[in-house]
Every structure is written in structure tokens, then in C-alpha cells.
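One structure is given here, and the rest of the page talks about it.
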Amino acid sequence: MKNVLFFITLFINLNAMAQENENNLIETILRRYPDQFNSVLNHPEKNQIQILYTQVNRDGHNKPSFKTFSYNLDDHRYFYPASTVKLAAVVFALEKINELNIKGLTAKSIMLTGVSYQGQTAVTADTTAESGLPTIEHYIKKILLTSDNDAFNRLFEFIGRGEINGKLKKYGFSTSRILNRLAIGDAAESAKHSNPIHFYNDKRLIYDQPARYDASEYPLVLTNTVMGKAYLDSAEHLVNKPFSLENKNAFSIT
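Quick note: the sequence shown, position 134, residue 137 per my numbering, numbers continuous.
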């Protein structure tokens, strides 16, 4: 309860001080609570803290306006985005269905994934779905409810690596990239190959998407891409050297 009250107080202070000092509002708030935040303020680079806060205000007609405050943002300082890339996949998958504009193809259509390259896996059933069959709709549900890695991987294969990164650039995410599937050691050449996918309504084939290959590279000028002192490799062996994130997914806060 004590922690809840602290964060409620912090939120109230953010609102009350918004007009006081717009340039360094978040830092001002952090300095008001030295016991909680001094370790962050005293070592910002070591802790790699970046904060982006957007305040939503509404007028008498409930029309929203937005005011954004930030602390220590650096789009070129790398941090591993982990599951934040999944939201982009959700949006782009739905967008692709609309763009394909194929009669009968919806997020509810049965999505069967095949294989065409070493290391790929097929999907012909989904025991977590009420129907027992995989669909874009259910993959999205699994991502939003449980942050399911495999569900993201299937959307990654459907959208395609090239199209994902093209859309990121199109929408202004110039310091972001999504290069690989998650949690299966996907990298380098295997990440460039997307599975063949077949969509059905009942037993009728609606859309057949062939296997694809994305030869493009997506270089970014980033710092802080080598971290730690040691790591476990894909075989769970200890490797006594820093881990390189140079060719991994990257997603900036802004």
C-alpha cells in the first residue's frame, strides 16, 4: 500500500508541476525523492535510464491534447527492446491484412505456417485457441495477454522482415529496427528467411504467401552495443566475454 501511495503522489506531482518547469520536469520530480531516485540520477549512463512521459489533457468538450516530457533520452544509445517490438508487429499485421484487400481474408482466417529453410517450424494447430486452429486474431490476443514469443514470431513471418523495417522507416522510427524472431536463437541468415503461409476459411484456400528472403541489412549508428562480462550461449554454455547486441533488434523510445 505504501508503494501505491508513493506512485499516486508522484503522478499528482507530475501534473501539478507540469507548468512549473517544462524543460526538466521529470528530473525535478526525481530529485524530490532522493531516497528512491538518487542512484538513478547519480549514475544515469550506468543505469541506462531513459524516460518519456506524455500527459493527456482534455478540455470541456473532452478533446485531448498532449504534452510530453523526457529525461536522458538518446535514440542512438542502445538498449535491448525485448517485447516492446511486439506491439509494432500487431499493428503491422492488421495493416497488412487491410492492404492485401483479398476477399474473405481477415484476422479470423485460419493461418497455417509451413517450412522452407533450416531451423523453421510449422504450425497447423493451436491448442490455446477455442477452434484449435491458429489465426492472426488469436496470435494478437496471445501477444497482448501473455506477451507470447511464438505468436510474435508468426506475425514476423507473415509481415516479413523487409516490410516491417520499411514500415518503421515510413512512420518515422528511423532509429529502430526489427531483425529477428524472439527466443529461438534466430540471427543472421535464418532471420532473413520467412516461412510460407497459407490462409483458409474453413477448407477453402483464401491466400497463399510464398516463402520469402530479405537480403537487406538495416545498419544503425548506435553506442553501448557491447554489454556485460559474460553470457550463456544457445547451448547454455558460459562465454566469458561481453555480449554484442550490434545486430539485434533495436527500438528507440521516441
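Don't be surprised by glycine CBs; every beta carbon is placed ideally from N, CA and C. It should be emphasised that the depicted structure is a prediction, and the values quoted were computed from it without experimental measurement.
Relative to the Cα of ALA91, the nearest Cα in the group GLY63, GLY188, PHE176 and THR71 belongs to PHE176. Annotation: SER73 is outside any alpha helix (DSSP H); the continuous beta strand (DSSP E) that includes it extends over 67–74. In the structure shown, the three-state DSSP call for GLN212 is strand. Secondary-structure assignment with DSSP links SER197 through a beta bridge to ARG215. In chain order, THR138 and GLU140 place their CB closer than 7 angstroms to the CB of LYS111, counting only its own chain and leaving out the 5 sequence neighbours on each side.
ALA85 and LEU103 have their C-alpha atoms roughly 29 angstroms apart. Residue environment: SER68 is assigned as exposed (fewer than 16 neighbouring CB atoms within 10 Å of its CB, all protein chains considered). The count of Cβ pairs closer than 8 angstroms, one atom from the region 94–102 and one from the region 164–178, reaches three, so the stretches are in contact. Nearest to SER134 by alpha-carbon distance, out of LYS251, GLN39, ILE52 and ASN204, is ASN204. Taking a cut-off of 8 angstroms for Cβ pairs, the region 113–120 and the region 188–204 touch, as three or more such pairs fall below it.
Shown here, THR116 sits in a strand according to DSSP, grouped into three states. Here SER42 carries a helix assignment [DSSP, helix/strand/coil]. If you draw a 10 Å sphere on the C-beta of THR178, you find 16 or more other C-beta atoms in it, and that means buried. Looking at the DSSP output, ASN60 shares a beta bridge with SER68. As a beta-bridge residue in DSSP terms, ASN204 pairs with ARG207. LEU55 is bridged by DSSP to SER73.
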